[in-house]
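Engineer: For the record, in the sequence shown the residue sitting at position 7 is 7 according to the UniProt record's numbering, with numbers rising by one throughout.
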Amino acid sequence: MIQSMTGYGKTVLQLSTKKITIELKSLNSKNLDLNVRIPSYYREKELDIRKNLAAVLERGKIDFSIFIEGNGGEGSSKINENVVKDYMNQLRNIVDSNEVELLKMAVRLPDSLKTEREEVDEEEWHQIVEAIAETVVKINKYRSDEGEVLRNDFILRISNIENLLEKVIEIDPERIVLVKEKLRKGIAELEVKIDENRFEQEIIYYIEKLDITEEKVRLKNHLEYFKKELSTNDSNGKKLAFITQEIGREINTIGSKSNYADMQKLVVQMKDELEKIKEQSLNVL
Numbered sequence: 001m002i003q004s005m006t007g008y009g010k011t012v013l014q015l016s017t018k019k020i021t022i023e024l025k026s027l028n029s030k031n032l033d034l035n036v037r038i039p040s041y042y043r044e045k046e047l048d049i050r051k052n053l054a055a056v057l058e059r060g061k062i063d064f065s066i067f068i069e070g071n072g073g074e075g076s077s078k079i080n081e082n083v084v085k086d087y088m089n090q091l092r093n094i095v096d097s098n099e100v101e102l103l104k105m106a107v108r109l110p111d112s113l114k115t116e117r118e119e120v121d122e123e124e125w126h127q128i129v130e131a132i133a134e135t136v137v138k139i140n141k142y143r144s145d146e147g148e149v150l151r152n153d154f155i156l157r158i159s160n161i162e163n164l165l166e167k168v169i170e171i172d173p174e175r176i177v178l179v180k181e182k183l184r185k186g187i188a189e190l191e192v193k194i195d196e197n198r199f200e201q202e203i204i205y206y207i208e209k210l211d212i213t214e215e216k217v218r219l220k221n222h223l224e225y226f227k228k229e230l231s232t233n234d235s236n237g238k239k240l241a242f243i244t245q246e247i248g249r250e251i252n253t254i255g256s257k258s259n260y261a262d263m264q265k266l267v268v269q270m271k272d273e274l275e276k277i278k279e280q281s282l283n284v285l
């Protein structure tokens, strides 16, 4: 079953001292483009996060974030008493103010607060890992739901091309007759004597050049192959893109050989359907 590269997942983990929000967003990209935003005291875990996400999400422009609320920041801050007192003593010599005002000025100066780095709690991290796994499940569910929408659209577009191809097959004999008549009319207008046997040989040669039998067969096969890939267990957007290129090649060849306005109109419609498939296939995982 195909999956979209577009997805979103969010999990909120409520702990006793903080609320941790984990978010995953994904858009289409040719390769894996993973951006990780986490608090600094989780940095030692970043490589593990990247490795695990890359293994399960495979491809896409992915933004992963961990947000912390309710803990007052990334570490606990304490007043550096000695520094503050020293600042206040210096300020007394400069300004005439009371103790409260001196304290307000002192705590704004450098090094008046000291931050104690918070270490990673392994039990807390274990809960975060479980929350990340839950978020991955959510984004994959989102991707699968979006993939089903893409699949239905692909089936519609492929069916439209198949119907147009049937019309091409239907009018092909008529096209050949009209091409022959056009050639004979052109020769008649020249009012010259011709060797009928040689003329018939040339017509046969010319008609063979316009024959689209192989293109019709190959196009049918490519359309069937595309539908078959939509029903496989794996999602392979790159393979679908390759098959789409092959479909386009056959449609273009039919158009260049058609030499018949009614058939060219059908080819234009097929190209229009194929462009919609190409656009949507860029978002397939």
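Virtual Cβ for every residue (Gly too), placed ideally from N, Cα, C.
(1) Could you tell me which whole beta strand (DSSP E) segments of length 3 or greater appear in the UniProt domain "Endoribonuclease YicC-like N-terminal" (2-151)?
(2) Less than 6 angstroms between C-beta atoms, sequence neighbours within five positions excluded: which residues of the same chain meet that for ARG151?
(3) Work out the CA separation of VAL168 and MET263 for me, nearest whole Å.
(4) Contact defined as beta carbons within less than 8 angstroms: I believe LEU285 pairs with GLU58. What is the distance between those atoms, to the nearest angstrom?
(5) What are the start and end residues of the alpha helix (DSSP H) that includes ILE254?
(6) Between VAL107 and PHE64, how many whole angstroms is the CB-CB distance? I'm expecting something under 8 angstroms.
(7) Return the bridge partner residues of VAL284 from the DSSP annotation.
(8) Helix, strand or coil for SER231? Go by DSSP, reduced to three states.
(9) What does the Cβ neighbour count give for GLY147, buried or exposed, with the cut at 16 atoms within 10 Å?
(10) Leaving out the 5 sequence neighbours to the left and right, which residues in its chain are closer than 6 angstroms to ALA138 when beta-carbon positions are compared?
(11) Under the rule that 16 or more other beta-carbon atoms within 10 Å means buried, what is PHE67, buried or exposed?
(12) With burial defined as no fewer than 16 other Cβ atoms inside 10 Å of the residue's Cβ, what is the status of GLY72: buried or exposed?
(13) Measure the beta-carbon distance from LYS78 to LEU113 and round it to whole angstroms, keeping in mind my assumption that it falls under 8 angstroms.
(14) For TYR280, is the classification buried or exposed, using 16 other Cβ atoms within 10 angstroms of its Cβ as the cut-off for buried?
(15) Could you check the C-alpha separation between GLU69 and LYS19 for me, to the nearest Å?
(16) Please tell me whether MET270 and ILE161 are closer than 8 angstroms, where the distance is taken between their beta carbons.
(17) Going by DSSP in three states, LYS265 sits in which element: helix, strand or coil?
(18) Please report the straight-line C-alpha distance between ASN153 and SER159, rounded to a whole angstrom.
(19) Contact between the stretch 246-264 and the stretch 202-216 is defined here as three or more beta-carbon pairs at a separation below 8 angstroms; is this criterion met?
(20) Give a yes or no on whether the C-beta atoms belonging to residue 362 and ASP33 are separated by under 8 angstroms.
(21) Roughly how many angstroms lie between the CA atoms of ALA55 and VAL136, to the nearest whole one?
(22) What separation, rounded to the nearest whole angstrom, lies between the Cα atoms of ILE94 and LEU102?
(23) Could you give the C-beta distance for LEU183 and LEU266, rounded to a whole number, given that I count them as a contact under 8 angstroms?
Structural biologist: Looking at the atomic coordinates:
(1) 7-14, 19-27, 32-37, 60-69, 75-79 and 113-117
(2) As a position in the sequence shown, residue 151 is number 151, starting the count at 1. Excluding residues within five positions, the ones whose Cβ falls inside 6 angstroms are ILE2 and LEU230.
(3) Mapped onto the sequence shown, residue 263 falls at position 263. Mapped onto the sequence shown, residue 168 falls at position 168. For MET263 and VAL168, the distance between alpha carbons rounds to 6 angstroms.
(4) Residue numbering aside, residue 285 sits at position 285 when the sequence shown is read from its first letter. Residue numbering aside, residue 58 sits at position 58 when the sequence shown is read from its first letter. With a contact defined as Cβ atoms closer than 8 angstroms, LEU285 and GLU58 qualify at about 6 angstroms.
(5) Your numbering for residue 254 matches position 254 in the sequence shown. Unbroken alpha helix (DSSP H) run through ILE254: 237-258.
(6) Against the sequence shown, residue 107 aligns to sequence position 107. Against the sequence shown, residue 64 aligns to sequence position 64. Their Cβ separation, rounded to whole angstroms, is 36 angstroms, which puts VAL107 and PHE64 out of contact at 8 angstroms.
(7) Translated into positions along the sequence shown, residue 284 becomes position 284. In the DSSP output, where bridge partners are listed per residue, VAL284 has SER4.
(8) For the purposes of this step, residue 231 is taken as the residue at position 231 of the sequence shown. In the structure shown, SER231 adopts coil according to DSSP, grouped into three states.
(9) Here residue 147 is taken as the residue at index 147 of the sequence shown, counted from 1. Buried, by the Cβ-count rule.
(10) Walking along the sequence shown from the start, residue 138 turns up at place 138. A quick correction: the sequence has Lys, not Ala, at residue 138. Here the set comprises GLY9.
(11) For the purposes of this step, residue 67 is identified with residue 67 of the sequence shown, where counting begins at 1. Looking at its Cβ environment, which holds fewer than 16 other Cβ atoms inside 10 Å, PHE67 is exposed.
(12) For the purposes of this step, residue 72 is taken as residue 72 along the sequence shown, with counting starting at 1. Bear in mind that a pLDDT of 49 at GLY72, under 50, signals an unreliable position, so the number given afterwards is only what the model happens to contain. Its Cβ having fewer than 16 others within 10 Å, GLY72 is exposed.
(13) One-based indexing of the sequence shown puts residue 78 at position 78. One-based indexing of the sequence shown puts residue 113 at position 113. Yes, they are in contact, since the Cβ atoms of LYS78 and LEU113 sit about 7 angstroms apart, within 8 angstroms.
(14) Translated into positions along the sequence shown, residue 280 becomes position 280. Here residue 280 turns out to be Gln, not Tyr, going by the sequence shown. GLN280 is buried by the Cβ-count criterion.
(15) Numbered from 1 along the sequence shown, position 69 holds the residue referred to as residue 69. Numbered from 1 along the sequence shown, position 19 holds the residue referred to as residue 19. Roughly 5 angstroms separates the two Cα atoms.
(16) Taking the sequence shown and counting its residues from 1, the one referred to as residue 270 is at position 270. Taking the sequence shown and counting its residues from 1, the one referred to as residue 161 is at position 161. A contact, by the Cβ cut-off of 8 angstroms.
(17) Position 265 of the sequence shown, counting from 1, holds the residue named residue 265. LYS265: helix per DSSP, three-state reduction.
(18) Start at 1 with the first residue of the sequence shown, and residue 153 comes out as number 153. Start at 1 with the first residue of the sequence shown, and residue 159 comes out as number 159. Checking the displayed sequence, the identity of residue 153 turns out to be Asp instead of Asn. Answer to the nearest angstrom: the Cα atoms are 10 angstroms apart.
(19) Segments in contact, yes.
(20) Here the chain comprises residues numbered 1 to 285, so residue 362 is not present and cannot be evaluated.
(21) Within the sequence shown, residue 55 is the residue found at index 55, counting from 1. Within the sequence shown, residue 136 is the residue found at index 136, counting from 1. Taking the straight line joining both Cα atoms gives about 11 angstroms.
(22) Within the sequence shown, residue 94 is the residue found at index 94, counting from 1. Within the sequence shown, residue 102 is the residue found at index 102, counting from 1. Going from the Cα of ILE94 to the Cα of LEU102 covers about 11 angstroms.
(23) Walking along the sequence shown from the start, residue 183 turns up at place 183. Walking along the sequence shown from the start, residue 266 turns up at place 266. Not quite, the Cβ-Cβ distance comes to about 23 angstroms (not below 8 angstroms), so this is no contact.
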